[in-house]
Amino acid sequence: MKFLLALPLPLHLPALPRLASLALAFVCALAVTSPAARGQNGRMSTAQPPIVIAHRGASGYRPEHTLEAYRLAIEMGADFIEPDLVATRDGHLVARHEPNITLTTDVAQRPEFAARRTTKTIDGQQETGWFTTDFTLAELRTLRAVQPREYRSKQYDGQFGVPTLEEIIGLAQRESRARGRTIGIYPETKHPAWHRAEGLALEPPLLEALERAGWNRRESPVYVQSFEAGNLQWLRTRTPLRLVQLLPADAVVDFAAIAAYADAVGPDKQLVAGTRFIELAHAAGLAVHAWTFRNEPLHLAERYAGDPKAEYAEYFALGIDGVFSDFTDTAVAARAEFSAAGK
Ligand code: G3P
Ligand code: CA
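For our numbering, count along the sequence shown from 1 and bump the result up by 4.
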């Protein structure tokens, strides 16, 4: 049986040039044969429940990408904490959603850095503000994180710094030992081709940091994710770590092509509900970790009637292998309820 999952090209994606260059401008047909390694509920392995990935930490409760946001997520039961990675001017990797730190730090209120305000074009998008690549790590350490979303509490603004990758790995490893359970990391390379062109490639320092931490084997509790295929393919030849191809809502997906270099796909959840996405990904041997689950009513479809756990339950029933959530506690509770219901 053939199935065609043909959706519009991701025109808004800054990473599109790399995606296209890697033949992700594909309309693809996938031969569906057997259920591969799927379990009875469609999950890749029924021995393991779906993983909960703390998206930017417990970012529903604390400023995103801070050690405190990650620590709270771990307390709440996250299996993985998710740092988005960008580079500093002196080549360190830090956790920020993008190189532009105007909205996620207090940099705009810091007169000593006023002259650093500039305009850059990153993956075709012109942006004005302050960028990590213009700051040394020592300078970035003087900044404080703030809550970028208007509808979330700003009570923790100004309290926490910008963490390095090494600090995040250290936190996960310390907490794993202290709690007697494994907490992994799920780093995303942000704008990797742009960083490489700036002379600040993300991948070598990422692999070096993981190597130093002893997380350099396939079974290490690490997934490396990216919207760009090029850096994942580069990584595939250099590390056995599990790799994840991220997919925007309007991606046109060739599961077989992705399975040649990745172990999982990270789709916008809109790609998954009401489609055969999970079935097809699993048939290609790819796990599915969807994003982003959020409690706030403005992020919930009407059919969940304001109940975020109803959304998780729907995706768990579909056989999802993992969820990225801003609200780790809700995701963990929803998973427990789903499991208790014997589903
Ligand atoms: O990393 C998974 C997904 O969250 C990608 O989106 O923009 O939150 O990094 P973003
Ligand atoms: Ca991310």
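For every residue, glycine included, the Cβ atom is placed at its ideal position computed from N, Cα and C.
Problem - As assigned by DSSP and simplified to three states, the class of Asp-333 - result: The answer is helix: DSSP assigns Asp-333 an H, G or I state.
Practice task
Could you spell out the range, first to last residue, of the beta strand (DSSP E) harbouring Leu-302?
Solution key: From DSSP, Leu-302 is part of no beta strand (DSSP E); its letter is neither H nor E.
Handout entry: C-beta contact flag for His-69 and Asp-88 at 8 Å
Key = Yes. Within cutoff.
Practice task
Please go through the same chain and pick out, in chain order, the residues whose beta-carbon is closer than 7 Å to the beta-carbon of Ala-338, but skip the five residues on each side of it.
Solution key: If we look at Ala-338 and ignore the five residues flanking it on each side, its Cβ neighbours are Lys-313, Tyr-316 and Ala-317.
Exercise for the section: Going by CA-CA distance only, name the one from Ala-309, Arg-148, Ala-264 and Asp-272 that's closest to Ala-253. Expected result: Ala-253 has its Cα closest to that of Asp-272, out of Ala-309, Arg-148, Ala-264 and Asp-272.
Handout entry: Residues whose Cβ lies closer than 5 Å to any heavy atom of ligand 2, in chain order
Key = The set, ordered by position in the chain, is Asp-88 and Glu-192.
Handout entry: C-alpha gap between Phe-139 and His-199, whole angstroms
Key = C-alpha separation (whole angstroms): 14 Å.
Handout entry: Beta-ladder partner(s) of Gln-229, from DSSP
Key = DSSP lists Glu-192 and Val-248 as partners of Gln-229.
Exercise for the section: Determine the extent of the beta strand (DSSP E) in which His-59 is found, giving its start and end residues. Expected result: Counting along the chain, the beta strand (DSSP E) containing His-59 begins and ends at 55-59.
Practice task
Measure the C-alpha to C-alpha separation of Ala-112 and Trp-134 and round it to an integer number of angstroms.
Solution key: C-alpha separation (whole angstroms): 8 Å.
Exercise for the section: Measuring alpha carbon to alpha carbon, tell me which of His-286, Tyr-319 and Ile-187 ends up nearest Glu-86. Expected result: Residue nearest to Glu-86 within the set His-286, Tyr-319 and Ile-187 is Ile-187 (criterion: CA-CA distance).
Practice task
Scan the region 76-119 and note each continuous alpha helix (DSSP H) run of 4 residues or more that stays entirely inside, going in chain order.
Solution key: Note on the region 76-119: there is no whole alpha helix (DSSP H) run with a minimum of 4 residues.
Problem - Continuous alpha helix (DSSP H) assignments of at least 4 residues falling wholly in the region 266-321 - result: The DSSP assignment places 281-287 as complete runs of the alpha helix (DSSP H) inside the region 266-321, in order along the chain (cut-off: 4 residues).
Practice task
Verify whether the separation of the beta carbon atoms of Gly-270 and Gln-237 is less than 8 Å.
Solution key: The answer is no: Cβ separation not under 8 Å.
Handout entry: Spatial neighbours of Arg-246 in its chain, beta-carbon cut-off 6 Å, leaving aside the 5 residues before and after
Key = Only residues of its own chain outside the window of five on either side were considered, and among them Tyr-227 and Asp-267 have a CB closer than 6 Å to the CB of Arg-246, listed in chain order.
Problem - Where Ala-309 falls, given that 16 or more other Cβ within 10 Å makes a residue buried - result: Its Cβ having fewer than 16 others within 10 Å, Ala-309 is exposed.
Problem - Residue closest to Leu-107, alpha-carbon to alpha-carbon, out of Glu-131, Phe-259, Gly-234 and Trp-219 - result: The candidate whose alpha carbon is nearest that of Leu-107 is Glu-131.
Exercise for the section: Please indicate yes or no: does the CB of Leu-275 lie closer than 7 Å to some heavy atom of ligand 1? Expected result: The closest heavy atom of ligand 1 lies 7 Å or more from the beta carbon of Leu-275.
Practice task
Can you grab the Cα-Cα spacing for the pair Tyr-65 / Glu-306, in whole Å?
Solution key: Distance between the alpha carbons of Tyr-65 and Glu-306 is about 23 Å.
Practice task
Compute every distance between the C-beta of Thr-332 and the non-hydrogen atoms of ligand 1, then say whether any falls below 7 Å.
Solution key: Not one heavy atom of ligand 1 lies closer than 7 Å to the C-beta of Thr-332.
Exercise for the section: Check whether the Cβ atoms of Gly-95 and Leu-175 sit closer than 8 Å, and answer yes or no. Expected result: Between Gly-95 and Leu-175, the C-beta gap is not smaller than 8 Å, which leaves the two residues out of contact.
Practice task
Measure the alpha-carbon distance for Phe-342 versus Ala-263 and round it to whole angstroms.
Solution key: About 29 Å.
Problem - Segments assigned alpha helix (DSSP H), at least 4 residues, entirely inside the region 138-202 - result: Runs of the alpha helix (DSSP H) lying entirely within the region 138-202, each at least 4 residues long, are 141-144, 169-183 and 196-201 in chain order.
Problem - Between the CA atoms of Leu-322 and Ala-277 - distance to the nearest angstrom - result: A straight line joining the alpha-carbon of Ala-277 with that of Leu-322 spans about 8 Å.
Practice task
Answer with buried or exposed for Lys-194, where buried requires no fewer than 16 other C-beta atoms within 10 angstroms of its C-beta.
Solution key: Lys-194 is buried by the Cβ-count criterion.
Problem - As assigned by DSSP and simplified to three states, the class of Ala-205 - result: DSSP places Ala-205 in the coil class of the three-state scheme, outside both helix and strand.
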